[in-house]
Every structure is written in structure tokens, then in C-alpha cells.
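Engineer: Here's a structure for you.
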Amino acid sequence: MKTYKKPAASKLLAKFDNELKSLLSNDLKEFMDRNPFLRNKKQAAMEQTLSVA
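Start counting the sequence shown at 0; every next residue gets the next number (numbering that gives the first Met the number 0).
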């Protein structure tokens, strides 16, 4: 029975992708926390869209 092992480059790339995704999501969360106006503006735009429909 053969076992399949991921090549080292593939593992490294997957780890890099996961780390990058984590960093970007943390940065976005911090940015939105510092700029509540953007969140309120986005919610207001959604409410206008919903009320028009």
C-alpha cells in the first residue's frame, strides 16, 4: 500500500497561504475597529438598498 506525501514546497505554500490569510484578516479587523465610520457607512448603504427594494 502506497502512502501519498505532500512535497515540501506544497506544504510550505499551504502554510504561507494560511499565515497570510490570518495576517490579512487580523489587519482588516483592526482597521475596521479603528474606523467605525466605514462600518456605519456600509450598514447605511445596505439599509438603503433594502428599503428601496
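The C-beta atom is built at its ideal place from N, Cα and C for all residues, glycine as well. These figures come from a predicted structure and were not determined experimentally.
With M31 and L37 assumed to form a contact (beta carbons below 8 Å), what rounded beta-carbon distance in angstroms separates them?
Structural biologist: Contact holds; Cβ gap of about 6 Å.
Engineer: Please classify N39: does DSSP put it in a helix, a strand, or coil?
Structural biologist: helix
Engineer: In three-state DSSP terms, what is K10?
Structural biologist: helix
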